[in-house]
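Visitor: Chains G and L are the protein sequences, given in the same order.
No gaps in the numbering here: position 227 of the first sequence is 226 in numbering that gives the first Met the number 0, and each next residue is one more.
No gaps in the numbering here: position 166 of the second sequence is 165 in numbering that gives the first Met the number 0, and each next residue is one more.
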Amino acid sequence: MSQLAHQTDLRSSRPQALAGLELEDVSLTLGDGEDRIKVLDRVSLTVESGEFAAVVGPSGSGKSSLLAIAGALSLPDTGTVRVGGEDITALKPSARARHRLENVGFVFQSGNLIPSLTAGDQLRMVNRLAKGPRSFSPDPLLEAVGMTHRAKHRPGQLSGGERQRVGIARAMVTRPAVMLLDEPTAALDSARSHEVVALLAERSRELGIATVMVTHDISVLEHCDSLYEMEDGRLNKR
Amino acid sequence: MFLALRELSFAKGRFSLMGAVIALISVLTVILSGLSSGLVNDGVSGLKSLPATAFAFDEGTKTDNAFSRSVVDQDQIESWRGQEGVAEAAPMGSSMMNATSDSGKQVDLAFFGIEPNSFLAPEVSEGQQVGPVAGIVVSETARDEGIDLGTVLTLDRIDTELTVIGFTQGQATFGHVDIAYLPLATWQLIAAGQAPAGAPTADHVDGLDFELGSVVALRAADGRSIDLAAGDAVAGTTSMPLAESFNASPGYQAETMTLSMIQVFLYAICALVVGAFFSVWTIQRRHEIAVLRAIGAPVRFLLRDGLAQAALLLVLFTAVGLAAGVGLGAAMPAGMPFALEYGPVMSAAFMTIVLGLVGAAVSIVRIARIDPLTALGGQR
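1) Do residue 164 of chain L and residue 127 of chain L count as a contact pair if the criterion is CB distance below 8 angstroms?
2) So does the region 68 to 85 of chain L actually touch the region 140 to 154 of chain L, counting three or more Cβ pairs closer than 8 angstroms?
3) Which two residues bound the contiguous beta strand (DSSP E) that contains residue 194 of chain G?
4) Would you call the region 162 to 180 of chain G and the region 114 to 132 of chain G touching, i.e. three or more CB-CB distances under 8 angstroms?
5) Along chain L, which residues have their Cβ under 8 angstroms away from the Cβ of residue 114 of chain G?
6) On the premise that residue 181 of chain L lies in contact with residue 112 of chain L, defined as a C-beta separation below 8 angstroms, what is that separation, rounded to the nearest angstrom?
7) In chain L, what lies closer than 7 angstroms to residue 128 of chain G by C-beta?
8) Closest Cβ-Cβ distance between residue 448 of chain L and chain G: below 8 angstroms?
9) Could you give the C-beta distance for residue 339 of chain L and residue 328 of chain L, rounded to a whole number, given that I count them as a contact under 8 angstroms?
10) For residue 283 of chain L, is the classification buried or exposed, using 16 other Cβ atoms within 10 angstroms of its Cβ as the cut-off for buried?
11) With a cut-off of 8 angstroms, do at least 3 Cβ pairs link the region 13 to 30 of chain L to the region 79 to 99 of chain G?
12) When Cβ atoms are compared, which residues of the region 158 to 171 of chain G fall closer than 9 angstroms to chain L?
13) Pull out every residue of the region 345 to 376 of chain L whose Cβ sits closer than 9 angstroms to any Cβ of chain G, in chain order.
14) Buried or exposed: residue 57 of chain L, going by 16 or more other Cβ atoms within 10 Å of its Cβ?
15) Answer with yes or no whether the minimum CB distance from residue 135 of chain G to chain L is below 8 angstroms.
16) Could you list which residues in chain G have their beta carbon closer than 7 angstroms to that of residue 1 of chain L, in chain order?
17) How about residue 52 of chain G and residue 224 of chain G: do their beta carbons lie closer than 8 angstroms?
18) Using the Cβ count rule (16 or more neighbours within 10 Å means buried), how would you classify residue 155 of chain L?
19) Return the residues of the region 81 to 103 of chain G that lie within a Cβ-Cβ distance of less than 8 angstroms from chain L, sorted by chain order.
20) Which first and last residues belong to the alpha helix (DSSP H) in which residue 70 of chain L is found?
21) Could one say the Cβ of residue 11 of chain G lies closer than 8 angstroms to chain L's Cβ atoms, at least one of them?
22) What's the gap between the Cα of residue 61 of chain L and the Cα of residue 315 of chain L?
23) Could you give the distance in angstroms between the alpha-carbon of residue 99 of chain G and the alpha-carbon of residue 19 of chain L?
24) Below 8 angstroms on the Cβ atoms is my contact criterion, and I expect residue 71 of chain G with residue 42 of chain G to pass it. Report the Cβ-Cβ distance as a whole number of Å.
25) Please list the residues of the region 4 to 32 of chain L that have a C-beta atom closer than 8 angstroms to any C-beta atom in chain G, keeping them in chain order.
26) Which term fits residue 308 of chain L, buried or exposed, when burial requires 16 or more other beta carbons within 10 angstroms of its beta carbon?
27) According to the Cβ coordinates, are residue 183 of chain G and residue 163 of chain G closer than 8 angstroms?
28) Compute the Euclidean distance between the alpha carbons of residue 257 of chain G and residue 138 of chain G, then round it to the nearest angstrom.
29) Within its chain, find whatever has a CB closer than 7 angstroms to the CB of residue 131 of chain L; leave out the 5 residues flanking it on each side and keep chain order.
30) Could you compute how far the alpha carbon of residue 360 of chain L sits from the alpha carbon of residue 41 of chain L?
31) Please look up how many angstroms separate the CB atoms of residue 115 of chain L and residue 167 of chain L, rounded, as I've assumed it's under 8 angstroms.
32) Do we get a CB-CB distance below 8 angstroms when we pair residue 290 of chain L with the residues of chain G?
33) What is the DSSP secondary structure of residue 230 of chain G, counted as helix, strand or coil?
34) Touching or not, the region 204 to 215 of chain L and the region 89 to 98 of chain L, by the rule of three or more beta carbon pairs under 8 angstroms?
35) Can you tell me where the beta strand (DSSP E) holding residue 110 of chain L begins and where it ends?
36) Which residue's Cα is closest to the Cα of residue 204 of chain G: G/95, G/50, G/153 and G/40?
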């Protein structure tokens, strides 16, 4: 196990995180009346622990809806979503929030960092929310993404790539079972995109995280273990 | 407070601007509180300092200016003396007079005629007690009018001369003019229109057949209360407790209501301004809050953090405004009725904080309605 795995404080204080993500026959319809659109049509997806899966597809094909349901941000009309074998669609809103905090790591477009917090505080914030140990230090996680030297800088003082690296470190504070990446390279140039995705793939495999990346950027797919294509709400393995 | 403190530090400019507005509102509430207390003192400090439990006015007397409108007779006074729970019932005469000092300065005085040995006799800080027929004990604040011990005041139109023989301890004013305590008999002489030109003497008083007063001052026996309704029914009076009787002083109700109304509006403005600020602040943070909720931050954590931020801002800048208001109050000109009293000032500060928090809370609860899904860019 790497230095990061040893140093992530929360690991020692909580049981091994749930493993693997399974979506089974998930359907979702949005809108009313004639405007109803089936954004997910009986979607099934299994991502094992340590697997790095990518989902590609045109805009409006249902990629973000897939991510929202996998991350317990919204509920499907039908079907089940299991994380480590536990059905999360039956959870109450507060329990789903707790589930997201403990078992899901989100990496958003442009990092989506909190503007008032330094890189180190972004991680401390998640640790506090998860009621992690008081002795928590963000340094090992920042070191793992090569950002220790920028620990005291706020998002406004970081480049796009640096913000995304801090976002990755933040997503790993609670050592999630699942990591969901929403267009993580959307704001990066080609070189930075490869760097960031390679880092994500490496961390996912190293920490046994089931990772799903939604992207338009086909140049980074070489880092993925499996590839899916979304079209008109249907998911097909490629 | 983890996020709240860091946001305060991050957005110093915005929070300082909001803080300055809160501080200004706080200064205004302190100044208004001081003016309110000052006007109250100016209007009724003489009544407040009296050890009376209640006052009985002639039945049916109109409340406004009742102290000078009411006329009570000896039967009513005696009737009250016989009431259960009444330790003392003393007649008091009240009238406003204009006078000119021997140095030619014109002064307005509220004449309180009292029985020299009754419980209404004021404590004096200098000079002698009420007693001599032509002697008056005036409010300490009358010194500002150039009045001193031995000053002779000539009452306008009737040319009766009264000499200042003492000063009360502290301010004793009524209807915004200084009180002059004098023997009830001398007051009756003036009220009956039989006061002579020059100084009245015991002979003038002895020859007077006039036993009316304005009101009956009542003092309850230790540990007892007075059944005012029962006493009124027997004596044919309308009585009211001391604090309520302030409304019977000239202009008191109108002044206090006006200032109270201004204060209420100020509190409402505080709630609205703070609420508007936090409303805009919450809207600006929508995406940030959506991200926090998406990563699992409980709504109650975000609400608590937001309210703690508002509370910190309000407490800090209300304290700044309070200090500035007290400083400004100290610089008020001597003639202005202004009094900073701990209770009203602190309650004004408390109200500013509480109503500011209410305004903030109304805006901050919007956090609960922010959809974490929007952290994904709103795409579904």
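Positions of the beta carbon are idealized from the N, C-alpha and C atoms, including for glycine.
Guide: For this structure:
1) Going by C-beta atoms, residue 127 of chain L is nearer than 8 angstroms to residue 164 of chain L.
2) no
3) Residue 194 of chain G -> not in any beta strand (DSSP E); alpha helix (DSSP H) instead, spanning 189 to 206.
4) yes
5) 9 and 287
6) 6 angstroms
7) 295, 296 and 300
8) Any question about residue 448 of chain L goes unanswered here, given that chain L covers just 0 to 379.
9) 5 angstroms
10) Classification for residue 283 of chain L: exposed.
11) Taking 8 angstroms as the limit for Cβ pairs, the verdict is that the region 79 to 99 of chain G does not touch the region 13 to 30 of chain L.
12) 169 and 170
13) 370, 371, 372, 374, 375 and 376
14) buried
15) no
16) The contacting residues are 124 and 127.
17) Yes, Cβ-Cβ distance for residue 52 of chain G and residue 224 of chain G is below 8 angstroms.
18) exposed
19) 93, 96, 97, 98, 99, 100, 101 and 103
20) That residue, residue 70 of chain L, is in no alpha helix (DSSP H); it is neither H nor E in DSSP.
21) Unreliable positioning characterises residue 11 of chain G in this predicted model, as indicated by a pLDDT of 41, which lies under 50. A coordinate reading is not provided.
22) 47 angstroms
23) 40 angstroms
24) Not confirmed; about 15 angstroms, so no contact.
25) 5, 6, 8, 9 and 10
26) buried
27) Result yes, Cβ atoms of residue 183 of chain G and residue 163 of chain G sit closer than 8 angstroms.
28) Outside the shown range of chain G, which is 0 to 237, sits residue 257 of chain G, and nothing can be said about it.
29) 164
30) 39 angstroms
31) Contact doesn't hold; Cβ gap of about 15 angstroms is too wide.
32) yes
33) strand
34) yes
35) 105 to 113
36) Nearest in C-alpha terms to residue 204 of chain G, of all of G/95, G/50, G/153 and G/40, is G/50.
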